[in-house]
Amino acid sequence: MTNRLIFGLVGVAMILSANPCAADGDPFLGEINTFAFSFCPRGWAPLNGQLLSIAQNTALFSLLGTTYGGDGITTFALPTGKPVFTLTPGAPVIQCIALQGLFPSRN
393 MTNRLIFGLV GVAMILSANP CAADGDPFLG EINTFAFSFC PRGWAPLNGQ
443 LLSIAQNTAL FSLLGTTYGG DGITTFALPT GKPVFTLTPG APVIQCIALQ
493 GLFPSRN
C-alpha cells in the first residue's frame with residue numbers, strides 16, 4: 393500500500409510539471425516544480441532562498457546569476473517560493489528547483 397501511495401504522489405508531481413521531459417526523469421536545469429509531498433526529490437532543492445556555491449553549481453549560476461542574491465563571486469541564491477494553498481489544510485506540498493538536468497536550449 394505504501395508503494396502505491398508513493399507512485400501516486402510521483403504521478404501528481406509529474407502532472408503538475410509544465411515540462412514534458414520531466415515525465416522521462418530529465419527536468420530542465422533550473423526548472424521549478426510543485427511536488428505533492430513534504431520534501432524535494434534527489435537533484436532538487438527547496439525554494440527557500442538558500443545560498444549555493446558557484447564553483448559547485450556553475451551551470452545553474454549561468455542561468456540565475458545573482459538575480460535572487462549572493463555575492464556573484466563565490467555564492468548565488470535560489471529564489472523564494474510563494475505559498476501553495478491546497479484544498480486540504482496542512483497537506484504536504486513543496487516547491488523545488490532542479491539542481492541537475494538538461495541545460496535549456498534557445499533553439
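Those letters in the sequence shown? Residues 393 to 499, per the working numbering, in order.
The beta-carbon is built from N, C-alpha and C at its ideal position, and this holds for glycine as well.
Requested in this report: Name the two residues that bound the continuous beta strand (DSSP E) containing Thr467.
Outcome: Thr467 to Ala469 is the span of the beta strand (DSSP E), which, as asked, contains Thr467.
inquiry  = Quick check on the DSSP output: the beta strand (DSSP E) that includes Ala490 runs from which residue to which?
reply    = Where Ala490 is concerned, the enclosing beta strand (DSSP E) stretches over Ile486 to Ala490.
Go through its chain and collect everything with a Cβ distance to Ser445's Cβ below 7 Å, but skip five positions before and after it.
Thr466 and Thr467
Q: Can you grab the Cα-Cα spacing for the pair Leu421 / Leu452, in whole Å?
A: 7 Å
Checklist entry - Rounded to a whole number of angstroms, what is the C-alpha to C-alpha distance between Pro438 and Cys488? => result 4 Å
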